[in-house]
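Everything below concerns the one structure shown next.
There are 2 protein chains.
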Amino acid sequence: MPPRDGAGENAALTNASDIFSLIATGAAVSRSALLDRSGLSRVTVTQRLNALIAADLIGEAARTLPSGGRPTRVLTVNPQIGHVLVANIGESHLHLALMSPEPAMVAQSTLRYEVAEGPTATLDRIAGGFRQLQAETGGDNGILLGIGLSLPAPVDYKRGRVVGPSVMRGWDNVDIIGPMANHFDAPVYVDNDVNLMTLYEYRRHFQLADDILYIKVGTGIGAGFIADGKMFRGAHGASGDIGHIQFDSDDPPLCRCGKLGCVEARAAGWAIARDLRALGFKAENARDVIALVDEQVPEAVMLLRKAGRVIGEVTADVVSLLNPGLIVVGGTLARGGDFLLSGIRELVYQRCLPLATRELNIILAPPQGDIALLGAGQLVIDNTFSPAGSADLLNRIVAGAAPPTTGRSESAKRRMDRAG
Amino acid sequence: MPPRDGAGENAALTNASDIFSLIATGAAVSRSALLDRSGLSRVTVTQRLNALIAADLIGEAARTLPSGGRPTRVLTVNPQIGHVLVANIGESHLHLALMSPEPAMVAQSTLRYEVAEGPTATLDRIAGGFRQLQAETGGDNGILLGIGLSLPAPVDYKRGRVVGPSVMRGWDNVDIIGPMANHFDAPVYVDNDVNLMTLYEYRRHFQLADDILYIKVGTGIGAGFIADGKMFRGAHGASGDIGHIQFDSDDPPLCRCGKLGCVEARAAGWAIARDLRALGFKAENARDVIALVDEQVPEAVMLLRKAGRVIGEVTADVVSLLNPGLIVVGGTLARGGDFLLSGIRELVYQRCLPLATRELNIILAPPQGDIALLGAGQLVIDNTFSPAGSADLLNRIVAGAAPPTTGRSESAKRRMDRAG
DNA sequence: ATGATTTTGTCTATTATTATACATAATAGC
DNA sequence: GCTATTATGTATAATAATAGACAAAATCAT
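So the protein sequences, as listed, match chains A and B.
With the first letter of the first sequence counted as 1, position 107 gets the number 107 in this note's numbering; the numbers rise by one all the way through.
With the first letter of the second sequence counted as 1, position 375 gets the number 375 in this note's numbering; the numbers rise by one all the way through.
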């Protein structure tokens, strides 16, 4: 039965956020799955779902799923519902994209960039690039669901700020969310690039695993770790810093961080490039190293193998500590085929107890475009379609950007009061 | 308004499981806190709470909390509601206890034990010891809330089994929950001792931290890790095995695991005892080492300091990887005062980037009795009073041990069907 | 085609929960 | 003692959600 007035219709929609979240996250793609997962009665599910379909937020896909009886109709979020804007800030370029809510790439652009530009100018340029992408793709992208930024530095995720000294000079403890939110009226998420690469691999390829350790071996070395389906970021967003774990050895190399004998100084792209230059080759960064490996230059292959064993040494420690079920090795140097991987495997199987390696998979990340950028899109979508995010989203859709404080019940008010 | 029949009263109780859980876990200790945290209306909270109070499951504490106005009355679980049985299986003894639901020790016993006895005999002896404790403490302990077992071996927590070869020969992949559940009609939880020590320190002393790394330095060395308030156990329960991380060095010592240069072989109680014996002292285990340290024997102090630096080397790696906010050092060797700790701190601050150590606390665990045993009690209580556990508990109380499947609604039935 | 099977929608009466308002209670600070 | 403040209980009417039953729809295996 239809509600008495427009406000009632809105209420029906905002109550439907749990249903919406289940569909949008893929936790329940059919009506009967919704019944199971939501815990609500059939009548309630039908009513809420109808509200979502009437508002054109949810639609039925063409395909159905076989069930043994009548096939289940598959429910999907209307892709027109909105879009996501993401940026990957690199040390020498900005990579921007507009994504659909799958998330999938719709349009992208690359800007030349110097990390020295500093936060304000950078964020302004990103905002400009975003507007251009929005204009290019016409006006049929729906509302802006959220913004995601990938940074090559430790990030305090909750506060959305770079923490500590890093490549991003001048960004330490500078507010990023505020300025971006001034440009666009949507939630802004900021995270470290390695974390986002980890997130993307996990959500796209290895969603079934409980935990995953991602090791990025590029010009630098870093790791991301998802425990129990949740990104682990550490106390200050500084987790995963395996590149600066030190090993004793004779004549330890000097690291760019100023310490002696770091993993990076032994095995990162810049370190291998350094060693190749010492041997008379031309190599500045990880890409150059891989180019030489692809040409099957023996010295390059040898150095990559050696890097694998160094990284394997740290990885073995990590495996003993965390006992992960899956280790994914990505980054530019991972494109050099199995040379890197075999070194890692060698050390892990040599050093760890059998129990920890019994069912451990160590694999190369599938080569793909800008994983950090895709990860930023995934981060925004995960947040947007989470139960809380879905509630916010439906509120935004129902009431524009008006705060949802009005007309709350006593208990809801209490909740708001305390939360504030 | 009272329901029409007895069954209705039971329904009121089982519906109250969310309220019960909030009180029992300490998430909400007053009526107004319940209003906030539950999201329910005042009327509903009052009604459900009254049902719990009428059933004598919840009571009001004598003390009140100041609020600025009328003080809030503090609600607590009736300690008579039930008890917990826990056992810590050591290599040379069994330590059993009956605990109240705080949890707090009510009665305990220690049995001589050889780990070679094997699972069946051991579990039977534990069951016997439990019955004796129940008899000793009279019949006013309420129902048995659950059983917790602490084992000195890697445990697959979900399956409740020892995994892999370990000190517990003959236990690998042997069902523990089944046999115990044959003796007692209550949920059985099994975990590794270091994990339980970690849990206890976290829940009792550092509940406010998001994450905690616990390092146990006793006869052996191990670590436990809580991320985001949740125990991290790894893919097969083998996480925290930092004792067998290897370091290269000249003349690496042989470890009892068969590898060379493990942390344990350099810094564990048995290794220090070995070195002390080589120097002519009498020392067999960690206790002996601490005894010598307490007598201020210079050689013992020197070796303990050295052990601290070795452990600090691993700890530095862990800090780089995880960026924990708090590291607690416990175990027998931690009772030797700051000698151990200073070595750990030295290496961590030397090797880690400032960002990771900026607000890092490294402290000694407060000396206390059998922490693993207390942790086992905490584990049972945490599970018992969790939302799901509370629902089960109230069902058990209302209907004896009858399965709660009868009289379910359509949606509840669906849930059960799929879950089965 | 037929029957078994599963999905999906809807009706009716009943039950659970909320909103709202009012009243009382218990403290601290003045 | 008075007042501000917060805690707590309850009555009433209205709303939301459920249970339980039925029926139609859409497939598969035979």
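C-beta atoms are modelled at their ideal positions from N, C-alpha and C, and glycine is treated no differently.
Model, not experiment: these values are computed from the prediction.
- Under the three-state reduction of DSSP output, B/Asp-172 falls in the strand class.
- In the DSSP assignment, A/Tyr-200 falls within the unbroken alpha helix (DSSP H) covering 193–205.
- For B/Leu-260, the closest C-alpha among the options B/Phe-247, B/Glu-136, B/Leu-355 is that of B/Phe-247.
- In chain order, Ser-150, Ala-372, Gly-375, Ala-376, Leu-379 place their CB closer than 7 Å to the CB of A/Leu-196, counting only its own chain and leaving out the 5 sequence neighbours on each side.
- With contacts defined as CB atoms closer than 7 Å, B/Ile-143 and B/Gly-90 fail to qualify as a contacting pair.
- A/Ile-23 is a Cβ neighbour of A/Leu-75, given a cutoff of 7 Å.
- At a cut-off of 7 Å between beta-carbon atoms, B/Gly-325 makes contact with chain A.
- Straight-line spacing of the CA atoms in A/Ser-386 and B/Ser-239 works out to 29 Å.
- Within the same chain, Ala-267, Ile-344 come within 6 Å of A/Ile-311 by CB-CB distance, once the 5 residues on both sides are set aside.
- Sorting A/Val-289, A/Glu-295, A/Leu-52 by C-alpha distance to the C-alpha of A/Ala-334 places A/Val-289 at the top.
- In chain order, Glu-60, Thr-64 place their CB closer than 6 Å to the CB of A/Arg-73, counting only its own chain and leaving out the 5 sequence neighbours on each side.
- Pairwise C-beta distances place the segment 210–228 of chain B out of contact with the segment 326–341 of chain A, as fewer than three of them are shorter than 8 Å.
- Interface criterion met: the Cβ of A/Asp-241 is under 7 Å from a Cβ in chain B.
- The three-state secondary structure of A/Lys-282, taken from DSSP, is coil.
- In the structure shown, B/Asn-361 falls within a strand segment according to DSSP collapsed to helix, strand and coil.
- Flagged as an interface residue toward chain A: B/His-244, by a C-beta distance shorter than 7 Å.
- Here A/Glu-313 is buried: its Cβ has 16 or more other Cβ atoms, across all protein chains shown, within 10 Å.
- Chain-ordered, the chain A residues with CB closer than 8 Å to the CB of B/Cys-257 read Leu-353.
- Cα atoms of A/Gly-118 and A/Arg-169: separation of roughly 7 Å, rounded to the nearest angstrom.
- Looking at the backbone, the Cα of A/Val-328 and that of A/Gly-160 are separated by about 26 Å.
- Here A/Pro-71 is exposed. Its C-beta has fewer than 16 other C-beta atoms within 10 Å.
- Under the three-state reduction of DSSP, B/Ala-62 is assigned to strand.
- Under the criterion of beta carbons closer than 8 Å, A/Gly-148 and A/Tyr-189 qualify as touching, at roughly 5 Å.
- Where B/Gln-108 is concerned, the enclosing beta strand (DSSP E) starts and stops at 104–112.
- According to DSSP, A/His-244 shares a beta bridge with no other residue.
- Nearest in C-alpha terms to B/Val-43, of all of B/Phe-130, B/Ala-16, B/Trp-270, is B/Ala-16.
- Contact between B/Leu-326 and B/Phe-206 is confirmed by a C-beta separation of about 6 Å, below the 8 Å threshold.
- With respect to A/Ala-316, A/Cys-352 sits close: the two C-beta atoms are nearer than 7 Å.
- Scanning its chain for C-beta atoms nearer than 7 Å, with the 5 sequence neighbours on each side dropped, one finds around B/Ala-286 the residues Gly-218, Thr-219, Gly-269, Thr-332, Leu-333, in chain order.
- Inter-residue distance for B/Ala-227 and B/Thr-198 is about 11 Å (C-alpha atoms, whole angstroms).
- For A/Gly-389, no beta strand (DSSP E) run applies; the uninterrupted alpha helix (DSSP H) run containing it begins and ends at 387–399, by DSSP.
- Counted as a single uninterrupted DSSP element, the alpha helix (DSSP H) harbouring A/Thr-44 occupies residues 42–54.
- Within the segment 69–150 of chain A, the complete beta strand (DSSP E) runs of at least 3 residues fall at 72–77, 82–89, 93–100, 104–112.
- A/Val-293 and A/Leu-304 do touch by the CB rule: their CB atoms are close to 6 Å apart, below 8 Å.
- In this structure B/Leu-321 is in contact with A/Val-318, their Cβ atoms being roughly 6 Å apart against a cut-off of 8 Å.
- Interface with chain A (7 Å Cβ-Cβ cutoff): B/Leu-321 is included.
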